[in-house]
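Contents: one structure, followed by commentary.
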Amino acid sequence: MIEKQKALFNTTHVPHEEFQKYKQSGFLNSDDFKIEKYIYFTIFVIYNIFFIASLIFYYKIRESGIVIQRGFGLSFFGGIITFLNAFFGFIPQFMKVSCPLSVYNANVLNVLVNLIFFCRTLSLVLQHYFKKSFLVSYHDVTIPHDEKKQEITIRKKANRVIYAILFIPTVISFIVTVSRHAQYYDKCRFFEYKDAMIELKNNNGKELFIMVQIFGGLYTFLSLIMTILLSFVKDANKYGAKFEMLSSCILIFIANIVNIVLQIVATGGQNELNNTKRHRFILTFFEITKGGKMLFVFLSIYMLFTSISLPVIQFYRKKTEKVKDTTEYEALQ
0 MIEKQKALFN
10 TTHVPHEEFQ
20 KYKQSGFLNS
30 DDFKIEKYIY
40 FTIFVIYNIF
50 FIASLIFYYK
60 IRESGIVIQR
70 GFGLSFFGGI
80 ITFLNAFFGF
90 IPQFMKVSCP
100 LSVYNANVLN
110 VLVNLIFFCR
120 TLSLVLQHYF
130 KKSFLVSYHD
140 VTIPHDEKKQ
150 EITIRKKANR
160 VIYAILFIPT
170 VISFIVTVSR
180 HAQYYDKCRF
190 FEYKDAMIEL
200 KNNNGKELFI
210 MVQIFGGLYT
220 FLSLIMTILL
230 SFVKDANKYG
240 AKFEMLSSCI
250 LIFIANIVNI
260 VLQIVATGGQ
270 NELNNTKRHR
280 FILTFFEITK
290 GGKMLFVFLS
300 IYMLFTSISL
310 PVIQFYRKKT
320 EKVKDTTEYE
330 ALQ
């Protein structure tokens, strides 16, 4: 573990022979990663206890203002999918797994997590701009309006856009993944178990991950756009929906950029044939993050905490302090 930390600051180039050896070194049977395996297992246990409890309590407070602000249905469903995505992301750290677990987790669950988060972010942005438009139009004709009716109208407009964005790409991703899995089944069998680290280093079955690559690239761009749009949204709650989505958008953008670099520089395949120079610290970072996969596991944990756990903590803190659940949780201004 200490050697790995030192190697993170080693900027020397890795010779071709050493890179070939690196590609054949796995995670599960290596003594170099023994401490990391214990660390990941401990995190995994805490993760399950903490976030299952968070989801239960989030459901219990679904009628509160802080949950209504986020939209209970989509946020709770997103919380469950995000929990499962991170759960399956931990599994390869403890045992050999079959290729389809990684393929469907990446192409379906991970894509769905990103789509749900994007839809929730888009909902916040649309509600903000619909509300501004609504208020301006009413101001122009000087007609009094019902706040509750206005909120329902805004949400209905936003939801029509959101559900189309959520449903259509998910179905497309699933169909394409099933089709390509059938096409390349010899490379990705259900009951053939391997060390995921070796598979990642050698870029085995990369043809099967086409959908997560497409959506990953698209979502990297959209995260940047959403970050800009969210900066104009006002939220009365300091750590409310805007904080959750803005911070997550920034982290998603950074994680995707880092992952692209890792996949280009630290794996075999076309870049190996082109004699790409590889810095030792990048290969070390690739191993520590398990091919970049743990970046997204911890990103999912952060998203789960800010979308599910943080509202629960805020609700019970305010309840303890006997603060009314009213204006502090106003949705948008």
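Heads up, the final residue of the sequence shown is numbered 332 in numbering that gives the first Met the number 0, and it's a clean run with no missing numbers. All C-beta atoms, glycine included, are put in the ideal place defined by N, C-alpha and C.
For residue i, name the three-state secondary structure that DSSP assigns.
i       : result
Tyr-183 : coil
Thr-141 : Only weak support exists for where Thr-141 lies, its pLDDT of 43 falling under 50; the value from the coordinates is given anyway. If DSSP states are grouped into helix, strand and coil, Thr-141 belongs with coil.
Ser-299 : helix
Val-13  : coil
Val-232 : coil
Ser-97  : strand
Phe-75  : helix
Val-135 : Confidence in Val-135 is poor, its pLDDT being 45 and thus under 50, which makes the residue's placement unreliable; the coordinate value appears in the next sentence. If DSSP states are grouped into helix, strand and coil, Val-135 belongs with the helices.
Check for me: the alpha helix (DSSP H) holding residue i runs from which residue to which?
i       : result
Met-196 : 195–200
Phe-289 : Note on residue identity: the sequence assigns Lys, not Phe, to residue 289. Unbroken run through Lys-289: none, as it is neither H nor E.
Arg-69  : 64–69
Thr-41  : 33–59
Phe-304 : Careful: Phe-304 lies outside any alpha helix (DSSP H) and carries neither H nor E.
Asn-255 : 240–264
Bridge partners for residue i per DSSP, in chain order?
i       : result
Tyr-192 : Ser-97
Would you please state the rounded distance, in angstroms, between the beta carbons of residue i and residue j? I believe it to be under 8 Å.
i       : j       : result
Ala-105 : Phe-18  : So it is not a contact: roughly 25 Å between Cβ atoms.
Ser-97  : Glu-198 : The pair is not a contact, with the Cβ atoms about 11 Å apart (cut-off 8 Å).
Val-102 : Ser-172 : Their Cβ separation, rounded to whole angstroms, is 11 Å, which puts Val-102 and Ser-172 out of contact at 8 Å.
Ile-300 : Ala-52  : The Cβ separation is near 14 Å, so there is no contact.
Thr-81  : Val-44  : Contact doesn't hold; Cβ gap of about 18 Å is too wide.
Leu-229 : Lys-241 : 6 Å
Lys-186 : Gly-204 : 5 Å
Thr-305 : Ser-246 : 7 Å
Ser-122 : Phe-314 : Actually they are not in contact, since the Cβ atoms of Ser-122 and Phe-314 sit about 21 Å apart, beyond 8 Å.
Ala-265 : Phe-252 : No, Ala-265 and Phe-252 are not in contact; Cβ-Cβ is about 20 Å, not under 8 Å.
Leu-73  : Ile-115 : 6 Å
Phe-50  : Leu-303 : 6 Å
Thr-120 : Cys-248 : 7 Å
Val-13  : Arg-277 : 5 Å
Phe-40  : Phe-117 : No, Phe-40 and Phe-117 are not in contact; Cβ-Cβ is about 32 Å, not under 8 Å.
Leu-294 : Val-260 : Actually they are not in contact, since the Cβ atoms of Leu-294 and Val-260 sit about 11 Å apart, beyond 8 Å.
Val-311 : Ile-60  : 7 Å
Met-196 : Val-110 : Not quite, the Cβ-Cβ distance comes to about 23 Å (not below 8 Å), so this is no contact.
Consider the C-beta atom of residue i and the heavy atoms of the ligand ATP; say whether any pair is separated by less than 8 Å.
i      : result
Phe-43 : Judged by which ligands are present, the structure shown has none, so any question about the ligand ATP falls away.
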